[in-house]
Amino acid sequence: MELFNNLVLGFTTAGAPWNLFFCLVGVILGTLIGVLPGIGATATIAMLLPITFQLEPVSSLIMLAGIYYGAQYGGSTTAILINMPGESSSAVTAIDGYQMARKGRAGAALAIAAIGSFFAGTVSTVLVAVFAPPLTAIALKFGSAEYFSLMIVGLVSSIALAHGSVVKALGMVVLGLLLGLVGTDIYTGTPRFNLGILELSDGLNFVALAVGVFGIAEILRNLENEHDRDVMIKKVTNLWPTKQDWKEMTAPILRGTAIGSALGILPGGGAILASFASYTVEKRMSKTPEEFGKGAVAGVAGPESANNAGAQTSFIPMLTLGIPANPVMALMIGAMIIQGIVPGPNVATEQPALFWGIIASMWIGNLMLILLNLPLIGLWVKLLTIPYYMLFPAIIAFCSIGVYSVNSNVFDLYAVAFFGLIGYVLAKLRCEPAPLLLGFVLGPLLEEHLRRAMIMSRGDATTFVTRPISLTLLLLAAAVLVVVLLPSIRKKRDEVFVED
Amino acid sequence: MRKILISLAATATFALASSTAFSQGYPERNITMVVPFAAGGPTDTVTRLVAETMSKDLGQQILVENVGGAGGTLGASQVAKAEADGYTLLLHHIGMATSATLYRKLPYDTLNAFEYVGLVTDVPMTIVSKKDFEAKDLKGLVEYVKANADKISLANAGIGAASHLCGMLFMNEIKVPLVTVPYKGTGPAMTDLLGGQVDLMCDQTTNTTKQIKGGTIKAYAVTSAKRLDALPDVPTVEEAGLPGMQVGIWHGIYAPKGTPTEVTEKLSASLQKALKDPNIIARFAELGTVPVTDAEATPAGLKSKLESEVARWKPIIEAAGQYAD
Numbered sequence: 115m116e117l118f119n120n121l122v123l124g125f126t127t128a129g130a131p132w133n134l135f136f137c138l139v140g141v142i143l144g145t146l147i148g149v150l151p152g153i154g155a156t157a158t159i160a161m162l163l164p165i166t167f168q169l170e171p172v173s174s175l176i177m178l179a180g181i182y183y184g185a186q187y188g189g190s191t192t193a194i195l196i197n198m199p200g201e202s203s204s205a206v207t208a209i210d211g212y213q214m215a216r217k218g219r220a221g222a223a224l225a226i227a228a229i230g231s232f233f234a235g236t237v238s239t240v241l242v243a244v245f246a247p248p249l250t251a252i253a254l255k256f257g258s259a260e261y262f263s264l265m266i267v268g269l270v271s272s273i274a275l276a277h278g279s280v281v282k283a284l285g286m287v288v289l290g291l292l293l294g295l296v297g298t299d300i301y302t303g304t305p306r307f308n309l310g311i312l313e314l315s316d317g318l319n320f321v322a323l324a325v326g327v328f329g330i331a332e333i334l335r336n337l338e339n340e341h342d343r344d345v346m347i348k349k350v351t352n353l354w355p356t357k358q359d360w361k362e363m364t365a366p367i368l369r370g371t372a373i374g375s376a377l378g379i380l381p382g383g384g385a386i387l388a389s390f391a392s393y394t395v396e397k398r399m400s401k402t403p404e405e406f407g408k409g410a411v412a413g414v415a416g417p418e419s420a421n422n423a424g425a426q427t428s429f430i431p432m433l434t435l436g437i438p439a440n441p442v443m444a445l446m447i448g449a450m451i452i453q454g455i456v457p458g459p460n461v462a463t464e465q466p467a468l469f470w471g472i473i474a475s476m477w478i479g480n481l482m483l484i485l486l487n488l489p490l491i492g493l494w495v496k497l498l499t500i501p502y503y504m505l506f507p508a509i510i511a512f513c514s515i516g517v518y519s520v521n522s523n524v525f526d527l528y529a530v531a532f533f534g535l536i537g538y539v540l541a542k543l544r545c546e547p548a549p550l551l552l553g554f555v556l557g558p559l560l561e562e563h564l565r566r567a568m569i570m571s572r573g574d575a576t577t578f579v580t581r582p583i584s585l586t587l588l589l590l591a592a593a594v595l596v597v598v599l600l601p602s603i604r605k606k607r608d609e610v611f612v613e614d
Numbered sequence: 024m025r026k027i028l029i030s031l032a033a034t035a036t037f038a039l040a041s042s043t044a045f046s047q048g049y050p051e052r053n054i055t056m057v058v059p060f061a062a063g064g065p066t067d068t069v070t071r072l073v074a075e076t077m078s079k080d081l082g083q084q085i086l087v088e089n090v091g092g093a094g095g096t097l098g099a100s101q102v103a104k105a106e107a108d109g110y111t112l113l114l115h116h117i118g119m120a121t122s123a124t125l126y127r128k129l130p131y132d133t134l135n136a137f138e139y140v141g142l143v144t145d146v147p148m149t150i151v152s153k154k155d156f157e158a159k160d161l162k163g164l165v166e167y168v169k170a171n172a173d174k175i176s177l178a179n180a181g182i183g184a185a186s187h188l189c190g191m192l193f194m195n196e197i198k199v200p201l202v203t204v205p206y207k208g209t210g211p212a213m214t215d216l217l218g219g220q221v222d223l224m225c226d227q228t229t230n231t232t233k234q235i236k237g238g239t240i241k242a243y244a245v246t247s248a249k250r251l252d253a254l255p256d257v258p259t260v261e262e263a264g265l266p267g268m269q270v271g272i273w274h275g276i277y278a279p280k281g282t283p284t285e286v287t288e289k290l291s292a293s294l295q296k297a298l299k300d301p302n303i304i305a306r307f308a309e310l311g312t313v314p315v316t317d318a319e320a321t322p323a324g325l326k327s328k329l330e331s332e333v334a335r336w337k338p339i340i341e342a343a344g345q346y347a348d
């Protein structure tokens with residue numbers, strides 16, 4: 115009953131015309147910045163912070179939250195249309211989404227992403243409302259040993275991201291791990307591989323790397339072979355998912371939602387894994403795994419749902435503990451402090467209208483997003499018909515602005531150009547960028563948690579197997595490894611005499 | 024083409040005119056205030072509050088720009104190299120003084136690269152533990168830590184962070200080296216303290232006050248000279264028996280070397296006015312801090328603070344032997 119009263123309070127707060135208006139402004143802004151490659155939610159929220167001074171705390175937070183999950187929706191648009199993911203989660207969407215677009219099914223891919231995101235958003239909002247406190251208690255049980263083992267699961271699973279050679283995929287993961295080492299060692303303060311460049315002392319910028327190896331490399335490839343792109347425009351068939359698509363996307367959306375919701379509550383880097391994990395699961399569950407990487411519906415539906423579910427549940431640590439799970443949450447906490455609300459463990463009892471208002475607005479915002487995005491699909495697909503000699507300079511200009519806006523640093527633009535060339539070379543060598551990005555994201559986390567767990571156990575490595583959650587995760591990793599390797603070994607045996 | 028030439032000429036004349044006469048009219052356009060940390064953190068919050076209030080007084084908007092990285096030295100070096108016209112300022116905390124020792128190869132000379140506007144606030148620290156930690160008070164804590172030094176883990180938010188400095192000071196005071204566990208920022212460090220994965224931390228009230236009040240962590244002392252209104256039950260370090268632990272994360276506003284004195288004086292006067300704004304006082308109080316006095320919010324006040332703090336931290340950091348480069 116209390117929950118019912120709270121929800122009534124939440125919907126009354128979020129449903130006030132003024133707050134509905136700011137929710138709409140937030141999701142529209144979010145969609146826009148998500149669509150513009152490179153410009154992330156963090157930079158936008160940072161730019162908009164001064165405006166929020168003038169607003170009611172609830173209104174400003176509803177707007178900022180709208181920007182955050184709006185950007186999650188919008189980010190998949192560029193990943194699908196032009197192979198340009200702006201954040202780690204949409205890197206996975208780019209794999210099969212862009213291939214769908216190349217087959218003339220951009221509209222269907224966008225619709226599947228939006229529908230999956232909406233469903234996931236709805237379910238995870240309910241989770242946040244009903245189970246936030248107990249879920250927080252579980253999240254706090256995760257120490258560094260547990261996170262390390264979780265990252266191992268992620269790393270092992272990453273092999274499934276490749277649709278070509280497993281050896282090349284492993285090579286890319288390792289290259290990503292190595293790139294992730296650039297920066298300052300947090301335990302000793304020693305600079306590593308920074309070539310004496312001060313800008314590299316905090317490591318490479320993820321956005322610069324992703325925009326380079328995916329987007330710029332793709333532009334270079336398209337310029338080299340304009341014919342390929344023509345196919346994609348001429349063949350645009352139906353904008354909506356077919357009956358067959360609906361059948362293929364239902365189960366992945368459900369599984370993706372579950373995976374994303376579970377990983378999203380872990381503040382130490384769980385949400386990052388959500389879309390990667392979902393992709394792996396879908397590829398393994400699929401009856402046609404060979405379709406993955408060539409435009410599989412499940413490869414878009416699962417990760418997109420996981421990513422949006424994770425985005426919603428990552429609000430849990432902030433709402434129940436006042437602890438930011440990612441830079442966007444840190445900004446929202448900053449916005450609250452400026453408004454005179456210092457978030458902490460008691461925010462739900464001290465500010466019930468704010469707490470439940472934000473939760474209710476998440477669902478309202480998700481509803482607005484799907485109503486906004488479905489009609490826009492036709493427009494986005496039309497964008498592809500713009501002549502490429504006009505489109506690509508615009509894309510490059512927008513990503514440069516976006517990448518620059520993250521740290522206000524020109525160095526990051528050189529990094530984009532550099533990684534664009536690297537991405538082009540990798541494409542020529544038929545090495546895929548997705549495992550590289552996963553390695554880049556996981557590497558630093560893996561090292562951070564491994565070393566922290568070892569510091570805390572005073573150098574005793576058994577800490578990973580004596581802690582039950584950690585042990586369970588390691589066993590899971592072993593199981594995944596067996597499942598992943600068996601079919602490829604079998605295939606190798608069959609194909610060993612076949613010319614490639 | 025002619026139009027372009029005319030407008031170019033006009034711009035040039037305007038630029039010339041404005042550069043000769045700028046001190047009377049200052050500020051004539053938006054001012055950029057660089058925070059050398061990510062948006063959303065405690066220093067960013069302080070900056071935004073101050074910038075917003077000073078904007079009203081100066082009649083020009085102060086735009087906050089986050090140039091994070093390398094423990095704040097990236098933002099500081101950017102401002103050190105900026106044009107000394109009063110339109111680029113820096114708001115930095117105690118890290119300005121400690122990075123002079125923590126970094127052996129800084130691209131700027133800490134004591135000679137800046138003009139001073141004034142101190143802003145001095146945020147106290149709190150010595151805190153996980154909530155089920157044995158010790159009842161600071162004395163008990165010190166005894167317990169001395170007896171179980173090999174089992175205790177002391178968290179901090181990364182090398183050069185406020186919590187790292189305070190942790191060094193703590194070990195220096197009790198003469199017991201502890202195992203320190205660095206994190207990437209206060210958020211994850213606080214998460215592990217809440218989950219009981221680490222035992223101790225010493226961090227700014229901006230981060231700890233709400234958790235202490237919520238009963239999710241235990242507080243032993245505040246490092247200020249007086250008890251805080253926000254935490255009336257927590258004794259000061261002096262009361263609790265560690266007077267040498269008095270330390271604050273002071274924040275100051277700087278301008279590039281060569282910025283005209285009229286400009287820094289004007290900014291300093293505006294800062295003093297801003298620090299009396301009831302809204303700022305109320306927000307600062309919620310964060311567990313207070314604005315500095317008029318005498319400290321001056322170029323001379325900041326200069327002497329920076330000089331004395333560089334000298335204070337040099338031996339402590341050198342004794343710990345850990346550098347950030």
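Taken in sequence, the protein lines are chains A and B. Its first residue numbered 115, the first sequence is counted upward by one per residue in this note's numbering. Its first residue numbered 24, the second sequence is counted upward by one per residue in this note's numbering. Backbone N, C-alpha and C fix where the C-beta goes; we use that ideal spot for every residue, glycine too.
I need the straight-line Cα distance from residue i to residue j, nearest angstrom please.
i, j, result
"F390(A)", "L552(A)", "8 Å"
"G297(A)", "A449(A)", "29 Å"
"I194(A)", "K217(A)", "12 Å"
"E399(B)", "T124(B)", "Absent from the structure is residue 399(B), since the part of chain B shown begins at 24 and ends at 348."
"N133(A)", "I473(A)", "13 Å"
"S231(A)", "S375(A)", "12 Å"
"A158(B)", "A212(B)", "21 Å"
"Q465(A)", "E309(B)", "15 Å"
"V139(A)", "M446(A)", "16 Å"
So with CB distances below 8 Å, who are the chain B contacts of residue i?
i, result
"K255(A)", "G218"
"E562(A)", "K207"
Any idea what DSSP makes of residue i, helix, strand or coil?
i, result
"F193(B)", "helix"
"R127(B)", "coil"
"D80(B)", "helix"
"K159(B)", "coil"
"K328(B)", "helix"
"E138(B)", "strand"
"L560(A)", "helix"
"I117(B)", "coil"
"R250(B)", "coil"
"A32(B)", "Residue placement at A32(B) is poorly supported in this model, since its pLDDT is 48, which falls under 50; the coordinates are not used for a value here."
Let's see if you can read the secondary structure: which residues bound the beta strand (DSSP E) around residue i?
i, result
"I54(B)", "54 to 58"
"D299(A)", "Premise fails: D299(A) is in no beta strand (DSSP E) and is neither H nor E."
"Q227(B)", "223 to 227"
"T214(B)", "Not the beta strand (DSSP E): T214(B) falls in the alpha helix (DSSP H), residues 209 to 217."
"P205(B)", "202 to 205"
Residue i lies in the alpha helix (DSSP H); which residues open and close that run?
i, result
"S202(A)", "202 to 216"
"E362(A)", "357 to 378"
"L146(A)", "131 to 149"
"L485(A)", "466 to 497"
"G275(B)", "Premise fails: G275(B) lies in the beta strand (DSSP E), 271 to 279, not in any alpha helix (DSSP H)."
"L178(A)", "171 to 196"
"A61(B)", "That residue, A61(B), is in no alpha helix (DSSP H); it is neither H nor E in DSSP."
So residue i contacts chain A; which residues on that side make the cut at Cβ distance below 7 Å?
i, result
"D67(B)", "G448"
"D215(B)", "G257"
Output, in chain order, the set of chain A residues within a Cβ distance shorter than 9 Å of residue i.
i, result
"A342(B)", "What A342(B) touches in chain A: nothing, since even the nearest Cβ is about 16 Å away."
"V204(B)", "S258, Y301, R566, I569, M570"
Please list, in chain order, the chain B residues whose beta carbon lies closer than 7 Å to that of residue i.
i, result
"A160(A)", "A62, N89"
Enumerated in chain order, which unbroken segments of the alpha helix (DSSP H) with a length of 4 residues or greater are wholly contained in the region 407 to 432 of chain A? Positions of the alpha helix (DSSP H) runs, each at least 4 residues long and wholly inside the region 407 to 432 of chain A, are given as 412 to 427 in order along the chain.
What are the start and end residues of each continuous alpha helix (DSSP H) run of 4 or more residues lying completely inside the region 232 to 271 of chain A, in chain order? Runs found: 258 to 271.
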